[in-house]
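Structure first, commentary second.
2 protein chains.
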Amino acid sequence: MATIEDVARLAGLSRTTVSRVINDQPYVTEEKKEKIMDAMHQLGYVPNSSARRLRSQRTETIAVLLPRVTNPFFGHLIEAMEREASEFGYQVIVCQTHDKKQKELDYLQLLKTKQVDGVIMASLSNDWKTIEPYLESGPIVLCNEYMETDQVSMVHIDHRQAAYDATVHLIEQGCSTIAYATGSQETHITCERKLGFQQALADFHLPFDENLEIKDALDVKDGQKVFAFLQQQNKKVDGIFTGSDEVAAGIVYAAAQSGFSIPEDLSVVGFDNQMISLLMVPSITTVQQPVAEMAMKTIQVLVNKMKSSQQQHEQRFVYPYELLKRKSTERISLKESASS
Amino acid sequence: MATIEDVARLAGLSRTTVSRVINDQPYVTEEKKEKIMDAMHQLGYVPNSSARRLRSQRTETIAVLLPRVTNPFFGHLIEAMEREASEFGYQVIVCQTHDKKQKELDYLQLLKTKQVDGVIMASLSNDWKTIEPYLESGPIVLCNEYMETDQVSMVHIDHRQAAYDATVHLIEQGCSTIAYATGSQETHITCERKLGFQQALADFHLPFDENLEIKDALDVKDGQKVFAFLQQQNKKVDGIFTGSDEVAAGIVYAAAQSGFSIPEDLSVVGFDNQMISLLMVPSITTVQQPVAEMAMKTIQVLVNKMKSSQQQHEQRFVYPYELLKRKSTERISLKESASS
DNA sequence: TTGTAGGCGTTATCAC
DNA sequence: GTGATAACGCCTACAA
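First to last, the protein sequences are chains B and S. Okay, so the first sequence: first residue is 1 according to the numbering used here, each after it adds one. Okay, so the second sequence: first residue is 1 according to the numbering used here, each after it adds one.
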């Protein structure tokens, strides 16, 4: 592997001058510049990035923590982040936490060991107290996840309000016994959504039944289990809010196999507006987040932080969402009769 | 940021000894070891990875090149790879090429500049001639993609045979005018699949109609376009092989909206056995690949190469696939009448 | 405009 | 067992 030294020798010049050419700095004669360029080509010289990193104390790399890339929401998130980051000349390391606290901390080590210049947390299982110390090692920005602190910037939608709206929609469609399937318990947005769900029930004087709360429902398979669970209840559940289109799709699928009619027997709301929610029969009512915009904003905020060494005040960017009303909750006839 | 020097000073020992403790080497008294551990904690010392990299000439990082993570096949691939790699202490950098030749080469630079120890190419648009020189800079393993060379190891299924089987299945179901929707033209497996498709037609004395070949169909939206395109043809197309479940799902969706009946009017085959192919109504016949196994094997092969500096002979691992026959091609009645 | 020299933080080599 | 010292490859005052 050729080094800067080799190039300098071959060109009959010093390392400094070569370095100047590499970094496009002024004060080099055209003539010598060409000589050096020639030497570089001849040797197939490429600057060694480890050396540069050590010298510059920067890695041009960002770690993105998320539960799993197979969840389409996070897939889209990281695809947009990688794209935007590469525009700024940054690389992205995928860090799948699988919602494990320890994994999350392990990956935060990357910041401490200076393997990355900054971290984006799109997955957040630990308490803030646990995360906070890592801020000393470098900037962290939250995306999707959020919490009550002003020590980090955040980019997200209002999950509590979104869950509230979705639940109210179910109620307005005539549902009165509504179940609630959440994602990973550890995570903070799960709590937010639950608060919104409960508030909606309270506002409409409906009871909150703990037995109808299903935890850790993450994917299609879990959705099928959720449906089975609902059928075992002695109460007739007529609506369900889930934190994931995948889970909702699993429910719709299982319902179809059992000859259950959606939305008439059971209305279903998902989350994230995945392709699948549109394609299912019936199509699934869901909450759409502006994923790409959020991803890009997050990268921009982080890149800004990394470039300017000085402390800046932290900002919170709350994006709008949209409740997309589809067939899985469209029970006009029932609603009509219920409200008349 | 505390350095090894600081720790040494605080512990009243030398950098060497500290280094020994960090790397769990022998020849350090328990007593001094503790002293050093104390000092490390007190200073919050963490070894600087850039320095380590420079010194050791290794990065413990792998670059995975793929078209896009939002394609569920690649999503699952990288999720499994990241998981397996982290078992071996390696990090994974996501490199989305979006099937662009230039992007692919840009990312291969990572190998040259020693930012990664090895590269996995799950996306391959350039000619082998173009890629080959990069082998000098470090090991490359192909996954999913493959070609006729013995200079790299490869992990994949037999796409030509899979496409052949799928097409034969369509023919056996009674289809006689079969369209063909491919993914990105640039890619090598696309060619393989096309060969299989053509071979099947030839074996059954069916003509290959170039006008029924649709290029660059990648996602659900493209699938909808494909359906529209098929309807514009003056021939009645009664079967279609697509290289993607997403595209197939788009077709099924568009067909339903047009009151078109699948499989009766049009039989559809997808690829990859994504969740969506099972959930659609009708469910979609598809080709299942052992994604996780392939991902793990790829990582293992690469890690082996990276660990042992000596040249090893390249290997090709061809995995079995399975044609999952579902509703989208189940036209028993038509077949019966056609074959009788 | 060009070159010299020191140091970024680690680890390996060789003495002691 | 422990420690001094020299790299790893690059950048950047500072000097010329």
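Heads up, the beta-carbon is just placed ideally off N, CA and C, and yes, glycines get one too.
In the structure shown, the three-state DSSP call for residue 175(S) is coil. Using a CB distance below 7 Å, no part of the segment 193–217 of chain B faces chain S. The beta carbon of residue 51(S) falls within 8 Å of a beta carbon belonging to chain B, placing the residue at that interface. Shown here for residue 326(B): same chain residues with a beta carbon closer than 8 Å to its own, the five before and five after excluded, namely 277, 278, 282, 283, 284, 285, 286 in chain order. For residue 301(S), the uninterrupted alpha helix (DSSP H) run begins and ends at 291–307, by DSSP. For residue 236(S), no CB of chain B lies under 8 Å from its own CB, so it is not counted at the interface with that chain. Relative to the Cα of residue 125(S), the nearest Cα in the group 235(S), 177(S), 24(S), 188(S) belongs to 188(S).
Scanning 80(S), 238(S), 210(S) for the CA closest to the CA of residue 194(S) turns up 210(S).
According to the DSSP assignment, residue 147(B) belongs to no beta strand (DSSP E), since it is labelled neither H nor E. Contact annotation: the segment 158–172 of chain S touches the segment 189–208 of chain S, with at least three C-beta pairs closer than 8 Å. According to DSSP, residue 324(B) shares a beta bridge with 286(B). Note on geometry: alpha-carbon atoms of residue 192(S) and residue 272(S) lie some 16 Å from one another.
For residue 331(B), the nearest beta carbon of chain S is not closer than 8 Å to its own beta carbon. Under the DSSP assignment, residue 251(S) falls in the alpha helix (DSSP H) whose first and last residues are 245–257. Taking 8 Å as the cut-off, the beta carbon of residue 179(B) is found no closer than this to the beta carbon of residue 142(B).
The beta-carbon of residue 21(B) is placed no less than 8 Å from the nearest beta-carbon of chain S. Taking each of 11(B), 243(B), 29(B), 37(B) in turn and checking the Cα distance to residue 164(B), the smallest one comes out for 243(B). By DSSP's assignment, residue 66(S) forms a beta bridge with 96(S). Residue 107(B) places its beta carbon less than 8 Å from that of residue 65(B).
Taking a C-beta distance under 8 Å as the contact criterion, residue 312(B) and residue 305(B) qualify as a contact pair. The beta carbon of residue 220(B) sits closer than 6 Å to the beta carbons of 246, 249, 250 from its chain, once the five residues preceding and following it are set aside; these are given in chain order. DSSP places residue 75(S) in the helix class (H, G or I) of the three-state scheme.
Close to residue 91(S), with beta-carbon spacing below 7 Å, are these residues of chain B in chain order: 93.
The segment 149–159 of chain B makes no contact with the segment 29–36 of chain B, as fewer than three CB pairs between them are under 8 Å. Taking a cut-off of 8 Å on C-beta distances, the segment 249–268 of chain S touches the segment 234–241 of chain S, as three or more cross pairs fall below it.
When CB distances to chain B are screened at a threshold of 8 Å, not a single residue of the segment 141–156 of chain S falls below it. In the structure shown, residue 61(B) falls within a strand segment according to DSSP collapsed to helix, strand and coil. Residue 84(S) places its beta carbon 8 Å or farther from that of residue 275(S).
Under the criterion of beta carbons closer than 8 Å, residue 8(B) and residue 21(B) do not qualify as touching, at roughly 10 Å. For residue 280(B), the residues of chain S that pass the 7 Å Cβ criterion are 279, in the order they occur in the chain. Of the residues assessed, residue 1(S) falls on the exposed side of the cut-off, its CB having fewer than 16 other CB atoms within 10 angstroms.
Close partners of residue 101(B) in chain S (Cβ separation under 7 Å) are lacking, with about 16 Å as the shortest Cβ gap.
The C-beta of residue 332(S) has fewer than 16 other C-beta atoms within 10 Å across all chains shown, which makes the residue exposed.
Using a Cβ-Cβ distance cut-off of 8 Å, the segment 47–58 of chain S and the segment 113–129 of chain B are in contact, since at least three pairs of beta carbons, one from each stretch, lie closer than that value.
With 16 or more other Cβ atoms from the protein chains shown falling within 10 Å of its own Cβ, residue 156(S) counts as buried.
In this structure the segment 84–104 of chain S touches the segment 55–65 of chain S; the number of beta carbon pairs closer than 8 Å is three or more.
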